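Just so we're aligned: 36 in full-length UniProt numbering is position 36 of the sequence shown, and the numbers increase by one with no gaps anywhere.
Ideal Cβ placement from N, Cα and C applies to all residues, glycine included.
For clarity, every value in this text was computed on a predicted model and none was experimentally measured.
What follows is one structure encoded as structure tokens, with my remarks underneath.
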Amino acid sequence: LGVLDVIGRDRRIAWQSLGDLSTEDAMVDFIELIDDRCNLFRPYAQAHKADMENRKRLLEEEAAKKRAEEEEERKKRLAEEKMICGRGEEETTTIGFAAHKQSIMEALNRQTYAQFRAYVEQHFPRDAHQQEILMSQLQEQHYQQYMEQLAARLNRTEQD
1 LGVLDVIGRD RRIAWQSLGD LSTEDAMVDF IELIDDRCNL FRPYAQAHKA DMENRKRLLE
61 EEAAKKRAEE EEERKKRLAE EKMICGRGEE ETTTIGFAAH KQSIMEALNR QTYAQFRAYV
121 EQHFPRDAHQ QEILMSQLQE QHYQQYMEQL AARLNRTEQD
């Protein structure tokens, strides 16, 4: 090494003086050296440790509080659902069935509207009232046929 590499040489000598010292032992020695040379280091380290423990405790308390609130909210929702279900389970089943039937009918009607409209206009060209009656009959009949086919298909799959 050159004449101007005084810092590098000193650094290399310092590393060599550590020898086979483990990383953890080197850290402990360093902390002891700082504690020995700087009398304000120990109070600072203790305050820092206390602050970190306090922050950890606060985070844990917040997490526990949040979990408790979520659990309370979940129980409240379950109680409301039970109250609603208990109030009129048959009523909600009937409403649910009617809504399900309505959604199926709407889907079927979207698929067949043009065909049914052409058929109705062909049979009652000038009578809008009769057209509406026949249209609703055709749609209801189509729904019934669809449900029968669906039930038959389900029975076949259950038997297989």
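Residue i (DSSP reduced to helix, strand or coil)
i, result
"Ser103", "helix"
"Arg110", "helix"
"Phe116", "helix"
"Phe97", "helix"
"Asp10", "helix"
"Arg153", "helix"
Burial state of residue i, where buried means 16 or more other Cβ atoms lie within 10 Å
i, result
"Val120", "buried"
"Phe30", "exposed"
"Phe116", "buried"
Among the options, the one whose alpha carbon lies nearest that of residue i
i, options, result
"Thr112", "Asp25, Ala99, Asn155, Leu138", "Leu138"
"Glu106", "Ala68, Tyr146, Trp15", "Tyr146"
Minimum length 4: unbroken alpha helix (DSSP H) runs contained in the stretch 14-95:
23-37, 41-87
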